[in-house]
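Trainee:
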Amino acid sequence: MLEVEATADMLLMTQPFTAHVATDEPVEVVLVKAVLSGERDRFARLYEMYAPLVHGILLARVPRGEVDDLVQDIFLHALRKLHTLRDATAFGPWIAMIARNRAMDFYRGSRETVEVTEQMAIERPPNRTAKEILDLICRLPDAYRETLVLRFVEGMTGPEIAARTGLTPASVRVNLHRGVKLLREKIGATTV
Amino acid sequence: MKDREMKDYYLWDRSGEPDAEVQELEEILGTLRYQPQLLEIPRNIQFERRRSFFPAMAIAAAIALAAVLLGLWFSFNRRQAPAFDAKHDKQIDQHLNSPQPLISPDPTRVEVAVDPQPRAIQKHSTAPRNLLASNQSRRSVIRQPVLTPKELAEKEQVLVALRLVSAKLNLAQRKTQGTPQLNSIRNQHKMG
Chain A
0 MLEVEATADM LLMTQPFTAH VATDEPVEVV LVKAVLSGER DRFARLYEMY APLVHGILLA
60 RVPRGEVDDL VQDIFLHALR KLHTLRDATA FGPWIAMIAR NRAMDFYRGS RETVEVTEQM
120 AIERPPNRTA KEILDLICRL PDAYRETLVL RFVEGMTGPE IAARTGLTPA SVRVNLHRGV
180 KLLREKIGAT TV
Chain B
0 MKDREMKDYY LWDRSGEPDA EVQELEEILG TLRYQPQLLE IPRNIQFERR RSFFPAMAIA
60 AAIALAAVLL GLWFSFNRRQ APAFDAKHDK QIDQHLNSPQ PLISPDPTRV EVAVDPQPRA
120 IQKHSTAPRN LLASNQSRRS VIRQPVLTPK ELAEKEQVLV ALRLVSAKLN LAQRKTQGTP
180 QLNSIRNQHK MG
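Respectively, the protein sequence lines represent chains A and B. Each residue of the first sequence is one higher than the one before, counting from 0 in numbering that gives the first Met the number 0. Each residue of the second sequence is one higher than the one before, counting from 0 in numbering that gives the first Met the number 0.
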């Protein structure tokens, strides 16, 4: 654990690494406690660990162009509200829930539509195949599409998804298998 | 069947035999993966801290403790001081100043003797009057008058006379209302 923190501090160059007493607490707990005690820069490590999760959850729900900004917003919101987190070990499920709620708010609010310009098209070269498959995934039920995006887009394994989202491994396994099965059917239907 | 299970393992945690279809999905959708970005934490961000109710609770407890101690102090002081009621003192004063009836040898006359020089009123000036309203339970002691044998005989006569009058009144009331007499034994011979 100490090595992980030391590496994180060295890579992020946030602040000189201070030796902590070796405990059995998960990294998230140590980091959350540090942030709450005033070491705000430690939040960068939490961001680094959980940004792919939030990115995947948003990608399964909102347009791609909005995802990056929303990821930043969600983490800033989480920083402000970190004191409301009762169980530091549940940081992953907590921020996943914030991301899901923010994605719902995105469609609920009267947000102005973003016009796709030529400049944006140059910045983001369209990968038609990836976009098409992502669209197909986004038509699946919520539980399946989130798990599939985290597995195929973010490259997480089933156990990692379970650990980060707070779902049981059995649920993740079921979601993966049923989701892949449905996706195969949809891909088959579109190619015919 | 076994081949299918091996491919499921790959879908679950990338162990076992790779599934070509899953690998293709990983490659295509991997292009949409989260690209690490620095989290820009504004310096003026409102970092909400956990609200601590300890100071407020400590103040409230101190106030409550002071109130209890004050109450105990008052209670203790009141017990130590002699409890003379203002009303009681007033009654004493009136009794001392009022003219006292004197019983004269002639029973038809009642003489009232007025003291030409009113007696000096002795007040307990040393002990302070306790004018605070008190809710102490007053124990009223009813003293039975001590009667002489003659007075007892007179009392007995009065009671006998009262009983006689009461019996006569009851009889008169029954006659006027037409209610049967209590002693109805005289009608029993007709029934037999």
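Quick reminder that beta carbons are idealized off the backbone N, C-alpha and C, glycines included.
Let me know if V34 (chain A) comes out buried or exposed under the rule of 16 or more other beta-carbons within 10 Å of its beta-carbon.
Mentor: buried
Trainee: Under 9 Å between C-beta atoms, does R13 (chain B) make it to chain A?
Mentor: Answer yes: the Cβ-Cβ gap between R13 (chain B) and chain A drops below 9 Å somewhere.
Trainee: Which of the three DSSP states, helix, strand or coil, is assigned to G91 (chain A)?
Mentor: helix
Trainee: Look up Q143 (chain B) in the DSSP assignment and say whether it is helix, strand or coil.
Mentor: In the structure shown, Q143 (chain B) sits in coil (DSSP, three-state: anything other than H, G, I, E or B).
Trainee: Below 8 Å on the Cβ atoms is my contact criterion, and I expect E159 (chain A) with I56 (chain A) to pass it. Report the Cβ-Cβ distance as a whole number of Å.
Mentor: Between I56 (chain A) and E159 (chain A) the Cβ distance is about 14 Å, and since that is not below 8 Å, they are no contact.
Trainee: By Cβ distance, which residues of its chain are closer than 7 Å to S14 (chain B), with the 5 residues on each side in sequence left out?
Mentor: Residues Y8 of the same chain have their beta carbon placed closer than 7 Å to that of S14 (chain B), with the five preceding and five following residues left out of the count.
Trainee: Would you check if the stretch 81–90 of chain A and the stretch 56–68 of chain A touch, i.e. whether three or more CB-CB distances between them fall below 8 Å?
Mentor: These segments do not touch.
Trainee: Between I136 (chain A) and A50 (chain A), is the Cβ-Cβ spacing less than 9 Å?
Mentor: no
Trainee: Check T164 (chain A) in the structure and name its three-state DSSP category.
Mentor: DSSP, reduced to helix, strand and coil, places T164 (chain A) within a helical segment of the structure shown.
Trainee: DSSP three-state label for L175 (chain A), please.
Mentor: Here L175 (chain A) sits in helix by DSSP.
Trainee: Please report the Cβ distance between L149 (chain A) and I44 (chain B), rounded to the nearest whole angstrom; I am assuming they are in contact, meaning their Cβ atoms lie under 8 Å.
Mentor: That belief does not hold up - the Cβ atoms of L149 (chain A) and I44 (chain B) are roughly 28 Å apart, past 8 Å.
Trainee: Output, in chain order, the set of chain A residues within a Cβ distance shorter than 7 Å of Y33 (chain B).
Mentor: A50, P51, H54, E153
Trainee: Taking 7 Å as the limit between beta carbons, can you name the residues of its chain near A98 (chain A), skipping five residues before and five after?
Mentor: V53, I56, L57, I73
Trainee: Measuring only between beta-carbons, confirm whether L10 (chain B) sits less than 9 Å from chain A.
Mentor: Yes, L10 (chain B) counts as interfacial toward chain A.
Trainee: Assuming L175 (chain A) and G157 (chain A) form a contact by the criterion Cβ under 8 Å, report the distance between their Cβ atoms to the nearest whole angstrom.
Mentor: 6 Å
Trainee: Listing by chain order, which chain B residues have their CB less than 8 Å from the CB of I132 (chain A)?
Mentor: The contacting residues are L24, I27, L28.
Trainee: R42 (chain B) lies in the alpha helix (DSSP H); which residues open and close that run?
Mentor: First-last for R42 (chain B): undefined, no H or E at that position.
Trainee: Can you give me the C-alpha to C-alpha distance between I94 (chain A) and H82 (chain A), rounded to a whole angstrom?
Mentor: 13 Å
Trainee: Quick check on D18 (chain B): buried or exposed, where buried means 16 or more other Cβ atoms within 10 Å of its Cβ?
Mentor: Around the beta-carbon of D18 (chain B), 16 or more other beta-carbon atoms lie within 10 Å, marking it buried.
Trainee: The ligand FMN and D40 (chain A): does the residue's C-beta get closer than 8 Å to at least one heavy atom of that ligand?
Mentor: You won't find the ligand FMN in this model; it holds no ligand whatsoever.
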